[in-house]
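**Q**
There are 2 protein chains.
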Amino acid sequence: MKFETPTSTVLYSIEETIKAYRRLCQQNISSIVPTITVDQALILIIIDREDKSQSEIADLVFKDYASMTRIIKLMINKNYLTKTIDDADKRKSELKITASGKEIIEKLNPVIKKNRETALNSLSEQELKQLFEILNKITQNCKSNSK
Amino acid sequence: MKFETPTSTVLYSIEETIKAYRRLCQQNISSIVPTITVDQALILIIIDREDKSQSEIADLVFKDYASMTRIIKLMINKNYLTKTIDDADKRKSELKITASGKEIIEKLNPVIKKNRETALNSLSEQELKQLFEILNKITQNCKSNSK
DNA sequence: TATATTTATTTGACATATCAAATAAATAAT
DNA sequence: ATTATTTATTTGATATGTCAAATAAATATA
Chain A
1 MKFETPTSTV LYSIEETIKA YRRLCQQNIS SIVPTITVDQ ALILIIIDRE DKSQSEIADL
61 VFKDYASMTR IIKLMINKNY LTKTIDDADK RKSELKITAS GKEIIEKLNP VIKKNRETAL
121 NSLSEQELKQ LFEILNKITQ NCKSNSK
Chain B
148 MKFETPTSTV LYSIEETIKA YRRLCQQNIS SIVPTITVDQ ALILIIIDRE DKSQSEIADL
208 VFKDYASMTR IIKLMINKNY LTKTIDDADK RKSELKITAS GKEIIEKLNP VIKKNRETAL
268 NSLSEQELKQ LFEILNKITQ NCKSNSK
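First to last, the protein sequences are chains A and B.
Here the first sequence is numbered in the numbering used here, starting from 1 and rising by one per residue.
Here the second sequence is numbered in the numbering used here, starting from 148 and rising by one per residue.
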């Protein structure tokens with residue numbers, strides 16, 4: 001870590017890792033459900049498990065609200081989701097998985113499990129814990145200094 | 148790590164970290180050079196240090212060649228860069244930093260240094276090494292299983 | 001109650017990611 | 001030398017990221 005060229009930093013490695021992981025995921029997901037993206041798959045699963053509004057989901061998956069609006073729109077067009085106005089608070093939207101959305105989730109579950117196993121193969125529990133903690137420190141450092 | 152909901156995995160944490168870091172970087176970079184993006188700044192610095200072709204640079208910064216074409220074009224429009232055809236191999240392009248590009252690099256260097264320090268604040272050398280190694284394992288796992 | 005402020009979502013503009021197909025030049029094979 | 005293949009880059013189409021501004025509904029305040 002002596003010669004800090006841009007390509008020798010840990011943060012550069014984080015980018016590399018996340019890109020490699022996303023590529024792996026997209027390839028395996030596409031082989032089962034060719035029409036869905038990694039982001040859409042994650043969001044679909046979250047909506048299925050958590051009964052939350054659009055912006056709450058966005059916060060959960062670290063998406064901008066603008067991005068969320070568009071991703072949701074695409075998923076509605078593909079008939080994975082329905083969206084209705086929340087009666088109690090008409091600003092909010094209610095998102096529900098359609099039958100074909102459910103089917104897709106069922107198909108994807110094993111793929112997603114396998115992707116994680118592939119990526120984390122041969123990592124010990126201790127390594128995972130360390131990784132988790134170190135990443136958390138970095139995240140906190142960044143957040144407390146940005147906004 | 149027992150209940151593997153999508154939001155409890157390490158890979159999810161990696162996404163969180165990289166987004167927090169990119170936000171920190173963009174904010175600090177914008178405060179000094181409002182017209183440049185994080186990606187453009189990194190690419191500018193790499194081009195300045197390494198005399199490589201467009202696709203070699205792309206490989207270095209994990210960018211798709213298509214993205215690189217567009218990023219380069221934007222940077223040329225902003226007069227950070229010039230691009231000429233390589234005489235020895237007319238398929239290749241030669242990228243050179245302009246005077247104003249150089250100025251920007253000078254301005255950015257301390258910001259980039261500070262961003263890294265902020266993000267990695269209070270992390271020991273050992274933690275950095277661990278992080279680096281664990282990320283590398285994950286990257287290799289993903290790459291060997293995707294292509 | 002009327003007005004001001006906050007909250008949830010959307011839209012516009014621009015930057016980047018990704019895949020597939022197209023170009024054009026260089027190199028290999030016939 | 002001609003043809004086939006490979007390599008470097010570009011273009012098109014679509015998805016997502018990010019910021020700022022706009023809407024519309026809910027809540028707070030005067």
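Glycine residues also receive a C-beta, built at the ideal position from the N, C-alpha and C atoms.
Only a predicted model underlies this, so the values are computations on that prediction, with no experimental measurement involved.
1. For asparagine 288(B), which residues of its own chain have a beta-carbon under 7 Å away from its beta-carbon, when the five flanking residues on both sides are left out?
2. Please work out which residues of its chain come closer than 7 Å, Cβ to Cβ, to lysine 108(A), disregarding the five sequence neighbours upstream and downstream, and give them in chain order.
3. Within 8 Å of any Cβ in chain B, is that where the Cβ of serine 53(A) sits?
4. Rounded to the nearest angstrom, what separates leucine 24(A) and valine 157(B) at their Cα positions?
5. Is there at least one Cβ from chain A nearer than 8 Å to leucine 275(B)'s Cβ?
6. With 7 Å as the C-beta to C-beta threshold (strictly closer), list the residues of the region 19 to 31 of chain A near chain B in chain order.
7. Rounded to the nearest angstrom, what separates asparagine 121(A) and glutamate 133(A) at their Cα positions?
8. Under DSSP, the alpha helix (DSSP H) around isoleucine 46(A) begins and ends at which residues?
9. Identify the contact partners of lysine 290(B) in chain A, using a Cβ-Cβ distance below 9 Å as the criterion.
10. For the region 260 to 275 of chain B, which residues have a CB atom closer than 8 Å to at least one CB atom of chain A, in sequence order?
11. So with Cβ pairs under 8 Å, would you call serine 93(A) a contact of chain B?
12. Measuring alpha carbon to alpha carbon, tell me which of Glu103(A), Asn115(A), Ser146(A), Gln130(A) ends up nearest serine 291(B).
13. Verify the CB distance criterion: does leucine 282(B) have a CB-CB separation below 8 Å to chain A?
14. Taking glutamate 56(A) as the reference, give the member of Ser146(A), Lys113(A), Ser93(A) with the closest Cα.
15. At the level of alpha carbons, what is the spacing between lysine 230(B) and glutamine 174(B)?
16. Cα separation between tyrosine 12(A) and alanine 266(B)?
17. Residues in the same chain with beta-carbon distance under 8 Å from isoleucine 105(A), minus the five sequence neighbours each way, listed in chain order, please.
18. Within 8 Å of any Cβ in chain A, is that where the Cβ of serine 214(B) sits?
19. Do isoleucine 285(B) and threonine 14(A) come within 8 Å of each other at the CB atom, strictly closer than that value?
20. Grab the span of the alpha helix (DSSP H) containing serine 160(B) for me, first residue to last.
21. I need the DSSP call for leucine 123(A), collapsed to helix, strand or coil.
22. Any beta carbon of chain A sitting closer than 8 Å to that of glutamate 253(B)?
23. Residue range of the beta strand (DSSP E) that serine 240(B) falls in?
24. Starting from lysine 220(B) and walking both ways along the alpha helix (DSSP H), at which residues does that stretch end?
25. What in chain B is Cβ-close to threonine 17(A), meaning under 7 Å?
26. Pick helix, strand or coil for lysine 230(B), following the three-state DSSP scheme.
27. So is glutamine 54(A) buried or exposed if we call it buried at 16+ other beta carbons inside 10 Å?
**A** Put simply:
1. For the purposes of this step, residue 288(B) is taken as the residue at position 141 of the second sequence. Excluding positions up to five away in sequence, the list is empty.
2. As a working note, residue 108(A) is residue 108 in the first sequence. The question names lysine, but residue 108(A) is leucine in the sequence shown. Residues of the same chain with a CB within less than 7 Å of the CB of leucine 108(A), apart from the 5 flanking positions on each side, are Ile29, Ile32, Val33, Ala41 in chain order.
3. Numbered from 1 along the first sequence, position 53 holds the residue referred to as residue 53(A). Not an interface residue.
4. Numbered from its first residue, the first sequence carries residue 24(A) at position 24. Numbered from its first residue, the second sequence carries residue 157(B) at position 10. Approximately 16 Å between the Cα atoms of the pair.
5. Position 128 of the second sequence, counted from the first residue, corresponds to residue 275(B). Yes, leucine 275(B) lies at the interface with chain A (some Cβ there is under 8 Å from its Cβ).
6. Of all residues in the region 19 to 31 of chain A, Lys19, Ala20, Tyr21, Arg23, Leu24, Gln27 have a Cβ within less than 7 Å of some Cβ in chain B.
7. The count along the first sequence starts at 1 and reaches residue 121(A) at position 121. The count along the first sequence starts at 1 and reaches residue 133(A) at position 133. Each residue's alpha carbon lies about 19 Å from the other.
8. Taking the first sequence and counting its residues from 1, one reaches residue 46(A) at position 46. Per DSSP, isoleucine 46(A) belongs to the alpha helix (DSSP H) from 38 to 49.
9. By 1-based counting over the second sequence, the position of residue 290(B) is 143. For lysine 290(B), the neighbours in chain A by C-beta distance under 9 Å run, in chain order, Ala20, Arg23, Leu24.
10. Listed in chain order, the positions of the region 260 to 275 of chain B with a beta carbon within less than 8 Å of a beta carbon of chain A are Lys260, Arg263, Thr265, Ala266, Leu267, Asn268, Ser269, Leu270, Glu272, Glu274, Leu275.
11. Within the first sequence, numbered from 1, the residue matching residue 93(A) stands at position 93. Not flagged as an interface residue toward chain B: serine 93(A), since no C-beta distance is shorter than 8 Å.
12. On the second sequence, position 144 is the one that residue 291(B) refers to. Of Glu103(A), Asn115(A), Ser146(A), Gln130(A), the residue nearest in Cα terms is Asn115(A).
13. Position 135 of the second sequence, counting from 1, holds the residue named residue 282(B). It does: the Cβ of leucine 282(B) has a partner Cβ on chain A nearer than 8 Å.
14. Here residue 56(A) refers to the residue found at position 56 of the first sequence. Of the candidates Ser146(A), Lys113(A), Ser93(A), the one whose C-alpha sits nearest the C-alpha of glutamate 56(A) is Ser93(A).
15. For the purposes of this step, residue 230(B) is taken as residue 83 along the second sequence, with counting starting at 1. For the purposes of this step, residue 174(B) is taken as residue 27 along the second sequence, with counting starting at 1. When the Cα atoms are used, lysine 230(B) and glutamine 174(B) turn out to be separated by approximately 29 Å.
16. Mapped onto the first sequence, residue 12(A) falls at position 12. Mapped onto the second sequence, residue 266(B) falls at position 119. Tyrosine 12(A) and alanine 266(B): Cα-Cα distance of roughly 12 Å.
17. Residue numbering aside, residue 105(A) sits at position 105 when the first sequence is read from its first letter. Result list for isoleucine 105(A): Leu44, Ile45, Asp48, Ile97, in chain order.
18. Position 67 of the second sequence, counted from the first residue, corresponds to residue 214(B). So no, serine 214(B) is outside the interface.
19. The residue you call residue 14(A) lines up with position 14 of the first sequence. The residue you call residue 285(B) lines up with position 138 of the second sequence. A small fix is needed here, since residue 14(A) is isoleucine in this sequence, not threonine. In terms of Cβ geometry, isoleucine 14(A) and isoleucine 285(B) do not form a close pair [threshold 8 Å].
20. Counting from one through the second sequence, the residue named residue 160(B) turns up at place 13. 157 to 179 is the span of the alpha helix (DSSP H), which, as asked, contains serine 160(B).
21. Here residue 123(A) refers to the residue found at position 123 when the first sequence is read from its first residue. Correct three-state label for leucine 123(A): coil.
22. As a position in the second sequence, residue 253(B) is number 106, starting the count at 1. Answer no: the Cβ-Cβ gap between glutamate 253(B) and chain A never drops below 8 Å.
23. Residue mapping note: residue 240(B) aligns to position 93 of the second sequence, counting from 1. 240 to 244 is the extent of the beta strand (DSSP E) around serine 240(B).
24. Locating residue 220(B) in the second sequence gives position 73, where the first residue counts as 1. Taken as a continuous stretch (DSSP letters only), the alpha helix (DSSP H) holding lysine 220(B) covers 212 to 224.
25. Locating residue 17(A) in the first sequence gives position 17, counting from the first residue. Simply Ile161, Leu282, Ile285, Thr286.
26. Here residue 230(B) refers to the residue found at position 83 when the second sequence is read from its first residue. Strand.
27. Position 54 of the first sequence holds residue 54(A). Flag for glutamine 54(A) reads buried.
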